[in-house]
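Just below is one structure, and these are the notes that go with it.
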Amino acid sequence: MSGSRIVLHGTALSGHTHRVELLLRALELAFDFVPAPAEVRRAEAFRALNPFGQIPVLQDGDLTLADSNAIMVYLVRRYAPQSNWLPDEPVAAAQTQRWLSIAAGEIMHGPAIARLIAQFNFPDEPGRAERISTRLLAFMDGHLQDRSFLAAGHPTLADLACYSYVAHAPEGGIDLAPYPAVGAWLARVEALPFFKPMPRSPVPARG
């Protein structure tokens, strides 16, 4: 363990922050949460932690690390190298990395952006996030037809990285009802003993 307490900079409504918080809870690592709303992220002090002004940022002793997926890999390798969160078995390891890429790609540009548009007036091409979300969720639903978790027969970083924005997709106007296997997977993640939900935002009315 590090000599000083871990510090997580983020916001309660950020899925990127939430995935790191879930892992910290899973690994039973004590940490301090420091809110980093937009005005904080624009300040020089925060830009010294992450020049891109993005959250989350993790501080662990002398280490300062940005990017949620990189933070999760670090935490597992540093504090739980023998755990199943980042598998060593080649196929499970490759699948975990694949889903981390999907979390940063299709999930970010689909459900996450749709939510940003609906909740925070984020500027984006109309309909683009919804189209990406539809393709993504159809793929995930097929993938999960005969699987309990995304990358292996047990939870991995893939599930934590992908959960938050998929679970909150309705807040971006994305209906999850047509994807029952995705819904069952979300319920399995929510049943994990360390799980803590991300606060909900209003679901927009459908036109």
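My numbering runs 142 ahead of the 1-based position in the sequence shown. Beta carbons: idealized from backbone N, C-alpha and C, even for Gly.
Let's test the definition: count the other Cβ atoms within 10 Å of the Cβ of G295 and tell me whether it reaches 16, buried, or not, exposed.
exposed
Going residue by residue through the stretch 279–337, where are the continuous beta strand (DSSP E) segments of at least 3 residues, counting only ones entirely within it?
Runs found: none.
Residues in its own chain within less than 7 angstroms of A392 by CB, not counting five upstream and five downstream?
The structure shown does not extend to residue 392, since the chain spans only 143 to 349, so no value can be given for it.
Measuring straight from C-alpha to C-alpha, what distance separates V182 and T159?
15 angstroms
Specify, as a first and last residue, the run of the alpha helix (DSSP H) that H158 falls within.
G157 to A168
Pick out whichever of K338, L302, E313 and R273 has its Cα sitting closest to the Cα of W327.
L302
Looking at the strands, I want to know which residues DSSP matches up with D174.
V149
Kindly identify the DSSP beta-bridge partner or partners of A208.
Per DSSP, V199.
Does L228 come out as helix, strand or coil in the three-state DSSP assignment?
coil
Report yes or no: do the stretch 216–233 and the stretch 305–323 share at least 3 C-beta pairs separated by less than 8 angstroms?
no
Going by C-alpha to C-alpha distance, which of P193, R289 and F188 sits closest to R83?
Past the boundaries of the shown model lies residue 83; the chain is included only from 143 to 349, so the question cannot be answered.
Quick one: what's got a C-beta closer than 6 angstroms to A208's C-beta in the same chain, skipping five residues either side?
N192 and V199
Classify V215 as helix, strand or coil using the three-state DSSP reduction.
In the structure shown, V215 sits in a helix (DSSP, three-state: H, G or I).
From which residue to which residue does the alpha helix (DSSP H) around R189 run?
E186 to L191
Could you tell me the distance, in whole angstroms, from the CA atom of Y305 to the CA atom of A185?
30 angstroms
Taking contact to mean 3 or more Cβ pairs, one atom from each stretch, closer than 8 angstroms, check whether the stretch 213–226 and the stretch 266–279 are in contact.
no
Quick one: grab the DSSP three-state call for S243.
helix
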